[in-house]
Amino acid sequence: MVPIRYQVHNARQRAAVDTIGVHPPNHPDFAIVHNALTLRESILEKLTSRAWRAGHRLPTERQLSVEFGLGRSTVRRVLAELKDKGFITQTVGSGTYVADGVGRALSEIAAAAAPMATSPAELMGARLVLEPAIIALVIGNATAADFSRMEECCDKGESASTIEDFEVWDGRLHEAIAAAAHNSFIAAVFQRMNEVRAQSEWGMLKRRSATPERRLDYQREHRELVAALRDRDGIRATQLCIDHLTRVRRNMLGY
274 MVPIRYQVHN ARQRAAVDTI GVHPPNHPDF AIVHNALTLR ESILEKLTSR
324 AWRAGHRLPT ERQLSVEFGL GRSTVRRVLA ELKDKGFITQ TVGSGTYVAD
374 GVGRALSEIA AAAAPMATSP AELMGARLVL EPAIIALVIG NATAADFSRM
424 EECCDKGESA STIEDFEVWD GRLHEAIAAA AHNSFIAAVF QRMNEVRAQS
474 EWGMLKRRSA TPERRLDYQR EHRELVAALR DRDGIRATQL CIDHLTRVRR
524 NMLGY
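Under our numbering, think of the first position of the sequence shown as 274, with each following residue one higher.
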C-alpha cells in the first residue's frame, strides 16, 4: 500500500519525504517518521548554524537512537541519506563525522530553495506586521511551559559565544513566542521566517550590524518582552515587540 502523504512545512522536510516516507498522524508509523524527520532536521540545523563544522564527530547511532526514540535501522537510514548528499562521512570502527564538503552540500540546498528566497527587507516588513499581531493570542494561550521555553532561549542567547549562535537562539525565541499562540498556522509561518533567517544574506547583514552594544540591547529587549508576556500585559508587550523589531530593522537596513 502506498503511504498517504502528510503535510510538511519546510523545504528540507519536503526533500526528505521520498527517502523516509510520510504518513498521516493517525497512521501507526507516524511517530517513527516524525522522529526520523526531527533527527534529520536537528543534524541539518547544527550544520547550517555551524555548531557542527567539518571534522566534528556526531553522536553514536546508539545515542541518536535513544535521544530521538528511533530504532538503530531508522537512524542508519537517516545517516545514509545525509551521507549520500555529502553532509557526513562514516568510517567503520571510528564513527560518523561532518564531511569536509559540507559547505558545498549546504550551498546546494540553498540553491534548490532559491525560488523561495525572501529578501531581508521583505522579512522585516512581514515581521513588523505579523509579530505584534499575534501578541493577543500569546497573552491568552501561553502556558508556564511556554514561558520557560522563552526564558531558556534568552539564557542560551545571552551565553552564546558567537553572533551566529546568538542568532540561532534569537530566532528560536521568536519561534517560541509564536508557538505560545498555540495556533498551527502561525507556527508554520514563523517556521518559514526562521528558514529565511538561515539564508546567507540575512546572516551577513546581522553579523555586520550586531555590535556588542547592539547585542546587549537585543538581549535586554528580549527579556523585557518575555516579562511583559508573562505578566499578560498585552499593550506593553505589543509596543515592546514593535520597538524591538524597528530597532533591528534600523540597525540592519538603515531605516
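Just so it is clear, CB atoms sit at the ideal spot from N, CA and C, and this is done for glycine as well.
**Straight-line Cα distance separating residue 425 from residue 415** = Walking along the sequence shown from the start, residue 415 turns up at place 142. Walking along the sequence shown from the start, residue 425 turns up at place 152. Their backbone Cα atoms lie some 15 Å apart in a straight line.
**Asked** Are residue 515 and residue 480 close, meaning C-beta to C-beta below 9 Å?
**Response** Taking the sequence shown and counting its residues from 1, one reaches residue 515 at position 242. Taking the sequence shown and counting its residues from 1, one reaches residue 480 at position 207. Their beta carbons are not under 9 Å apart, which means residue 515 does not touch residue 480 by this criterion.
**Message:** Between which two residues does the beta strand (DSSP E) holding residue 363 run?
**Reply:** The count along the sequence shown starts at 1 and reaches residue 363 at position 90. Residue 363 -> beta strand (DSSP E) spans 361 to 364.
**Message:** By DSSP's criteria, residue 371 is part of a beta bridge. Which residues make up the other side?
**Reply:** Against the sequence shown, residue 371 aligns to sequence position 98. Per DSSP, 361.
**Message:** Per DSSP, what are the beta-bridge partners of residue 330 in this structure?
**Reply:** In the sequence shown, residue 330 corresponds to position 57, counting from 1. Answer is 370.
**Prompt:** Which residues in the same chain as residue 308 place their Cβ atom closer than 7 Å to its Cβ, once the five residues preceding and following it in sequence are excluded?
**Reply:** For the purposes of this step, residue 308 is taken as residue 35 along the sequence shown, with counting starting at 1. These residues qualify, in order along the chain: 341, 342, 343.
**Message:** I need the DSSP call for residue 234, collapsed to helix, strand or coil.
**Reply:** With the chain running from 274 to 528 in the structure shown, residue 234 is simply not present.
**Request:** Output the distance between the C-alpha atoms of residue 382 and residue 448, rounded to the nearest integer angstrom.
**Result:** Counting from 1 along the sequence shown, the entry for residue 382 is found at position 109. Counting from 1 along the sequence shown, the entry for residue 448 is found at position 175. If I take the Cα positions, the gap works out to 22 Å.
**Message:** Mapping the DSSP letters down to three states, classify residue 455 as helix, strand or coil.
**Reply:** The residue labelled residue 455 in the question sits at position 182 within the sequence shown. Note: residue 455 maps to coil in three-state DSSP.
**Beta-carbon gap between residue 412 and residue 502 smaller than 9 Å** = If you number the sequence shown from 1, residue 412 lands on position 139. If you number the sequence shown from 1, residue 502 lands on position 229. Yes, Cβ-Cβ distance for residue 412 and residue 502 is below 9 Å.
**Message:** With H, G and I counted as helix, E and B as strand and the rest as coil, what does DSSP make of residue 505?
**Reply:** Position 232 of the sequence shown, counted from the start, is the residue given in the question as residue 505. Coil, per DSSP.
**Asked** To which residues of the same chain is residue 509 closer than 7 Å at the C-beta, ignoring the five residues directly before and after it?
**Response** Translated into the one-based positions of the sequence shown, residue 509 becomes position 236. Closer than 7 Å at the Cβ level, and outside the excluded window around residue 509, lie 501.
**the region 394 to 408 / the region 460 to 473 touching (three or more Cβ pairs under 8 Å)** = yes
**For residue 491, the three-state DSSP class (helix, strand or coil)** = Counting from 1 along the sequence shown, the entry for residue 491 is found at position 218. Helix at residue 491.
**Asked** Quick one: what's got a C-beta closer than 6 Å to residue 453's C-beta in the same chain, skipping five residues either side?
**Response** For this step, residue 453 is matched to residue 180 along the sequence shown. Correct list, in chain order: 411, 415, 419.
**Spatial neighbours of residue 431 in its chain, beta-carbon cut-off 7 Å, leaving aside the 5 residues before and after** = On the sequence shown, residue 431 is found 158 positions in, with the first residue counted as 1. 492.
**Prompt:** How many Å lie between residue 445 and residue 438 at the Cα?
**Reply:** Locating residue 445 in the sequence shown gives position 172, counting from the first residue. Locating residue 438 in the sequence shown gives position 165, counting from the first residue. Residue 445 and residue 438: Cα-Cα distance of roughly 11 Å.
**Prompt:** According to the Cβ coordinates, are residue 487 and residue 440 closer than 9 Å?
**Reply:** Translated into the one-based positions of the sequence shown, residue 487 becomes position 214. Translated into the one-based positions of the sequence shown, residue 440 becomes position 167. Against a cut-off of 9 Å, the Cβ pair of residue 440 and residue 487 comes out as no contact.
**Request:** Can you tell me which of 349, 321, 338 puts its alpha carbon nearest to the alpha carbon of residue 380?
**Result:** Here residue 380 refers to the residue found at position 107 of the sequence shown. Measuring from the Cα of residue 380, the nearest candidate turns out to be 321.
**Message:** What residue range does the alpha helix (DSSP H) around residue 400 cover?
**Reply:** For the purposes of this step, residue 400 is taken as the residue at position 127 of the sequence shown. Counting along the chain, the alpha helix (DSSP H) containing residue 400 begins and ends at 393 to 406.
**Request:** Under 6 Å Cβ to Cβ from residue 525, same chain only, skipping five residues before and after it: list those, please.
**Result:** For this step, residue 525 is matched to residue 252 along the sequence shown. Only 478, 482 meet the Cβ criterion.
**Request:** Could you pull out every residue in the same chain whose Cβ sits closer than 7 Å to the Cβ of residue 456, ignoring the five residues on either side in sequence?
**Result:** Along the sequence shown, one-based indexing puts residue 456 at 183. Answer for residue 456: 410, listed in chain order.
**Message:** Measuring only the C-alpha atoms, how far is residue 355 from residue 476?
**Reply:** Taking the first residue of the sequence shown as 1, we reach residue 355 at position 82. Taking the first residue of the sequence shown as 1, we reach residue 476 at position 203. If you take the alpha carbons of residue 355 and residue 476, they lie about 24 Å apart.
**Item:** Length of the line joining the Cα atoms of residue 357 and residue 370
**Value:** By 1-based counting over the sequence shown, the position of residue 357 is 84. By 1-based counting over the sequence shown, the position of residue 370 is 97. Distance between the alpha carbons of residue 357 and residue 370: 13 Å.
**Message:** Between the alpha carbons of residue 335 and residue 443, how many angstroms are there, rounded?
**Reply:** Stepping through the sequence shown from its first residue, residue 335 is reached at position 62. Stepping through the sequence shown from its first residue, residue 443 is reached at position 170. Answer to the nearest angstrom: the Cα atoms are 31 Å apart.
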